[in-house]
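Numbers given in my numbering equal positions in the sequence shown, counted from 1, plus 15.
Cβ atoms here follow ideal geometry from the backbone N, Cα and C, with glycine treated the same way.
Down below is the structure, laid out as structure tokens.
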Amino acid sequence: MSRGTIAALYHDRATKVDLRVVEKLCKVLKCNAGDLFVYVPDEEDEA
Numbered sequence: 016m017s018r019g020t021i022a023a024l025y026h027d028r029a030t031k032v033d034l035r036v037v038e039k040l041c042k043v044l045k046c047n048a049g050d051l052f053v054y055v056p057d058e059e060d061e062a
């Protein structure tokens with residue numbers, strides 16, 4: 016996992032996340048994918 020990928024995730028600039036990155040993060044942090052992400056619907060989804 017590159018430093019740029021980590022920085023983009025940390026600073027909330029990532030537009031997509033590769034599943035291999037999610038897998039590596041879960042292994043390192045000893046967590047599940049659901050612990051890493053929160054679903055926030057777009058405003059148009061709420062209408």
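Would residue i and residue j be called neighbours here (beta carbons separated by less than 8 Å)?
i   : j   : result
T20 : V36 : yes
Cα separation between residue i and residue j?
i   : j   : result
L40 : N47 : 9 Å
R18 : V53 : 22 Å
E59 : M16 : 33 Å
>> Quick check for students: name the residue ranges of the alpha helix (DSSP H) that lie wholly in the segment 20-52, counting only runs of 4 or more.
In response: Along the segment 20-52, the alpha helix (DSSP H) occurs as fully enclosed runs of 4 or more residues at 34-44, listed in sequence order.
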